[in-house]
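Taking it in order: structure first as structure tokens, then the write-up.
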Amino acid sequence: MSELNDNHRMTPEQLESIGKALYGSGYKIQLAEFLGVDRRRINHWLDGDRPIPAGITSELLENAKGREIEVAEAVKRLEKILDK
Numbered sequence: 002m003s004e005l006n007d008n009h010r011m012t013p014e015q016l017e018s019i020g021k022a023l024y025g026s027g028y029k030i031q032l033a034e035f036l037g038v039d040r041r042r043i044n045h046w047l048d049g050d051r052p053i054p055a056g057i058t059s060e061l062l063e064n065a066k067g068r069e070i071e072v073a074e075a076v077k078r079l080e081k082i083l084d085k
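Each residue of the sequence shown is one higher than the one before, counting from 2 in this note's numbering.
Printed below as a string of structure tokens:
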């Protein structure tokens, strides 16, 4: 996980919301793959059985920024198709 300074832990509700925003309704498997953890660990975090590591916030922010660029490029391509 990232070495970025991250002293804030996400709540299970925040993790679920961000996971769904990034990966859709089946987010748990993709989130686990991205973070390099077993998907059962995601469930432990969401259920509150284990604390969510603080560094995950920075990891997800980096991922979201990358996806933001990809989505913006996809929007431009779609608009170009519709303008033809």
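By construction, the Cβ of each residue, glycine as well, lies at the ideal position given by its N, Cα and C atoms.
Cutting at 7 Å between CB atoms, please list the residues of its own chain near residue i, excluding the five before and the five after it.
i	result
R40	K29, I30, A33
E74	none
V76	none
K21	Y28
F35	N64
Can you check which of these residues, the options, is closest to residue i by C-alpha distance?
i	options	result
G37	I57, E71, S18, K81	I57
Measuring CB atoms only, is the segment 14 to 21 touching the segment 43 to 54, in the sense that at least three cross pairs come out at less than 8 Å? yes
Complete alpha helix (DSSP H) runs within the segment 33 to 83 (minimum length 4 residues, chain order): 40 to 48
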